Amino acid sequence: MSRNFNRASDSLDAAREMADSGRPTLARLLAEEAAARTPDPQERARLLSEFPGRSLKREG
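Given below as structure tokens:
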């Protein structure tokens, strides 16, 4: 099955699936992608709090 990640909700759904399957690092990375696509700062913070951990994105 092919997946598109065009919306924040797509990444968030995948993050929850990864968390449920025991892949917290991948879940956090997907949550960070969802947060990056979310315009509201409070909602971004809420999304990231659902998947605790340090940022995994590389700045470049």
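So in our numbering the end of the sequence shown lands on 716, straight run, no missing numbers.
Note that CB positions come from ideal geometry on N, CA and C, so glycine has one too.
Owing to the predicted nature of the structure, the values given are computational and were not obtained by experimental measurement.
Q: Just tell me which of Asn660, Leu704 and Gly678 has its CA closest to the CA of Ala692.
A: Working through the sequence shown from its first residue, we reach residue 692 at position 36. Of Asn660, Leu704 and Gly678, the residue nearest in Cα terms is Leu704.
Q | Of the listed residues Pro695, Lys713 and Pro680, nearest to Glu706 (C-alpha basis) | A | Counted from its first residue, the sequence shown places residue 706 at position 50. Cα-wise, what sits closest to Glu706 is Pro680.
Q.
Please identify the residue among Ser677, Leu682 and Pro695 whose C-alpha is closest to the C-alpha of Gly709.
A. Indexing the sequence shown from 1 puts residue 709 at position 53. The option with the nearest alpha carbon to Gly709 is Leu682.
Q) Using the rule of at least 16 other Cβ atoms within 10 Å of the residue's Cβ for burial, across every protein chain shown, is Arg663 buried or exposed? A) Working through the sequence shown from its first residue, we reach residue 663 at position 7. Exposed is the call here.
(Q) Just to confirm my understanding: we take Ala690, look at its own chain, exclude 5 residues before and 5 after, and list those with CB closer than 7 Å. What are they? (A) As a position in the sequence shown, residue 690 is number 34, starting the count at 1. Ala664, Ser667, Leu668, Ala671 and Leu703, listed in sequence order.
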